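Heads up, the thing below is written out as structure tokens.
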DNA sequence: CTCACTTCCTTCGACCACAAAACTAAGTCA
DNA sequence: TGACTTAGTTTTGTGGTCGAAGGAAGTGAG
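Chains as they are written, first to last, in the working numbering: chain A, -14 to 377; chain B, -14 to 377.
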């Protein structure tokens, strides 16, 4: 199944935006929507009716009067798990069932062995999605169209051609190169499947959740690997090949320059990723087994680990400085498991302020993304919802 | 005068695009426009009529039959110099009068002393624009609305807030900080004045001229200073503060790191700009007076100059590699006076291929922009034309 | 030369999205 | 109780677009 790019009308008054305003609580009534969207009350009424008839919206009693007739409250059918989402990581996958507002209804984290290959991994995860969606009492309750699965969104920790759903030369996923995720999944579920890069999904999730009013944003995902997602003019920027945001192999100054899995040395990923921190600590004789251990050491104030985290932060900041000068976003936010690592964040910030054009950092927000663990599946759900609403 | 951002409908079938198709020769008849735009013939007819009645388009006799009725050819009123443009540089300004197709009717290069301040410099250039526009015989010929000046576009070699037309903390333009170019010009001419950064204008000009079918593009302007312009989804990306593309103060590895006018050391501008090359050569005892001299030395194969050019190319490539990984454009093109410098271009290319994700460079075009000298005023004219057509 | 066919372009009727205005509904407050 | 306020619907109108039909102007085969 081929999914075309995010439609243009996603902005300014389209059905998607109405839905989102209700979902986020920005609007509660038709009158609110009319004020927010600038559309006339009649048009809003009409659209709302259409959305209700498709089960994408519902009425929820009367609200508080503001001096006149009480508004008839609107709500996105909640509790009904209708979107499946998979956020695949290097060692774990976050799997979730979400409702039409993009809220997580059920979710769990599963261990994953990427090296088992796409069929095995994705097969198991799709099963888990089905279980989660079915397991939601609200969904099985009605049995109506409202509670039915509408689509599945999948995030992949590597380069993905979003338009076709195919994976292209992933450096950390042996055996997955060229695999057509969308086609594989289309054979297992009879709803649209949308595939994208994990950092893109985190970016979309974070943007929709926290920064939907900002036009230009950059989100860094720093976990086992390191990547980023870009929002330009309110839309996900995927670039020519769909590889936009892939800064993992940008070179940074590091002495000595550690070798990278890509064959080069001094890549950002080889200096600042979770995997790199683990490797570096081990080489210094510190017995850590995984990223969790590294983070614990840093939190405990371990000297070696902290120094490495600082170096990682500087490396990220160095690359990000170029990105900020070039792209001039309103916000740079960092997510992933390393986002909670204070020394890293602090030196990233310092480097950014030191190396960027004052004009570019003048009003720039540098943040940690909130609610990290579910942003990937949230973004995936948003992609699916956008697609579903567009298809009506 | 405040000019709002480039309207969204610039793409896909808007009047602007019809006009552009005719201007570029992609379409010659209404039937062509219908095929290209996907609009129905009736709609095209209607729009074309509107454009003709505004003098933005005209009929130009009958074309060749393709087996049936001959098309009634369309053309943008040519020869009528109706848009003024100023591309201000560090030492010179390119001033032009262009027609509605964006073609240069008259243009000349004037020496400029930035340090005389904005009133003096802009006043003189505006006078020159008036002379050039009036001096066009076709314009004075008719005296009709068709030949009247419709607007002026101005490019500034420093950060500009496009929306207000105000200059913000330019590093190379003492005395211009905070100057409101648009307001100043509005007092001198009674047509819309649009102000933007010079690199943005070059980017727009180059994109419209050579790459209009590409969605994502990056254009480097390497002259006395160094900057870039970004096209995202077919539109100029200006970023949050309008400073997008300003890569001049990104740090690059250089030993020794030369000091920059901004107070830091090792900035791209301090290594790879024309001004930097002049300074560096002088410090090595080579008696060059300006950039022209440097370019001559490089063309002559001077060892020191060539080495510096290579270093500059590597520096540009280094920054550009991050940009390409991050933004994943379809094309990177270099313009400005240093673009013709082979050693620079070659080492930039090499660095780019070495440091970028293979996926990102796989289909990436790396080019020299064509017709360099007039791209700035061309871009300025396009901005004006877009604004004029939108305002109808 | 005639007639079928092609291409180009316009006219006309229909539709759709949206808006403005009028109206109903349901509340507040003096 | 009546004036006023807010919410939402219905009605009607308008502008943009399309499709079908048709007129205009050509080509080419018989």
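Note that CB positions come from ideal geometry on N, CA and C, so glycine has one too.
These figures come from a predicted structure and were not determined experimentally.
Within its own chain, the residues whose Cβ lies closer than 6 Å to the Cβ of residue 294/B, once the five positions on either side in sequence are excluded, are 283, 326, 328 and 329, listed in chain order.
Rounded to whole angstroms, the gap between the alpha carbons of residue 209/A and residue 278/A is 12 Å.
The stretch 289 to 308 of chain A and the stretch 158 to 177 of chain A do not touch, with fewer than three beta-carbon pairs separated by less than 8 Å. Residues of chain B with a Cβ closer than 7 Å to the Cβ of residue 304/A are, in chain order, 307. Within chain B, 234, 235, 236 and 249 have C-beta atoms less than 9 Å from the C-beta of residue 340/A, given in sequence order. Residue 93/A has its alpha-carbon roughly 6 Å from the corresponding atom of residue 81/A.
About 6 Å separates the CB atoms of residue 70/A and residue 83/A; that is less than 8 Å, so the two are in contact. Taking every protein chain shown into account, the CB of residue 347/B has fewer than 16 other CB atoms within 10 angstroms, so this residue is exposed. A Cβ-Cβ contact shorter than 9 Å links residue 73/B with residue 140/B.
The residues 322, 323, 325 and 326, in chain order, have a CB closer than 8 Å to that of residue 280/A in the same chain once the five nearest residues on each side in sequence are set aside. Residue nearest to residue 342/A within the set 118/A, 100/A and 307/A is 307/A (criterion: CA-CA distance).
Exclusion of the five residues before and after residue 372/A leaves -12, 136, 177 and 179 as the residues of its chain whose Cβ lies within less than 7 Å of its Cβ. Secondary-structure assignment with DSSP links residue 94/B through a beta bridge to 79/B. In terms of beta-carbon proximity, residue 150/B stays away from the interface with chain A, with every pair separated by 9 Å or more. The residues 72, 79, 140, 183, 186, 187 and 190, in chain order, have a CB closer than 7 Å to that of residue 361/A in the same chain once the five nearest residues on each side in sequence are set aside. Using a Cβ distance threshold of 9 Å, residue 234/A and residue 313/B do not count as a contacting pair. In the DSSP secondary-structure assignment, residue 47/B is bridged to 57/B. For the stretch 319 to 353 of chain A, the set of positions with a beta-carbon nearer than 9 Å to some beta-carbon of chain B reads 339, 340, 341, 342, 343, 344, 345, 347, 348 and 349 in chain order. Taking the Cα positions, residue 212/A is about 21 Å away from residue 100/A. DSSP assignment within the stretch 138 to 205 of chain A yields the following whole beta strand (DSSP E) runs of 3 residues or more, N-terminal first: 178 to 182. Secondary-structure assignment with DSSP links residue 0/A through no beta bridge to anything.
Between residue 41/A and residue 110/A, the gap from beta carbon to beta carbon reaches 9 Å or more. Contacts with chain B at 9 Å (Cβ-Cβ) do not include residue 299/A. Residue 160/B counts as exposed, since fewer than 16 other beta carbons sit within 10 angstroms of its beta carbon. Taking 9 Å as the cut-off, the beta carbon of residue 316/A is found closer than this to the beta carbon of residue 203/A. Apart from sequence neighbours up to five positions away, the residues of its chain that approach residue 102/A with a beta-carbon distance below 7 Å are 160, ordered along the chain.
Of the other Cβ atoms in all chains shown, 16 or more fall within 10 Å of the Cβ of residue 217/A; this residue is therefore buried. Counting along the chain, the unbroken alpha helix (DSSP H) around residue 280/A starts and ends at 276 to 284.
Residue 59/A places its beta carbon less than 9 Å from that of residue 45/A. Under the DSSP assignment, residue 72/B falls outside any alpha helix (DSSP H), being part of the beta strand (DSSP E) whose first and last residues are 68 to 73.
Under the 9 Å criterion on CB atoms, residue 230/A is classed as interfacial with respect to chain B.
Following the DSSP letters along the chain, one finds residue 321/A in no alpha helix (DSSP H), marked with neither H nor E.
Rounded to whole angstroms, the gap between the alpha carbons of residue 374/B and residue 196/B is 21 Å. Closer than 9 Å to the CB of residue 197/A there is not a single CB belonging to chain B. Taking CB atoms only, residue 153/B has a neighbour in chain A less than 9 Å away. Closest by C-alpha distance to residue 61/A, out of 31/A, 106/A and 5/A, is 5/A.
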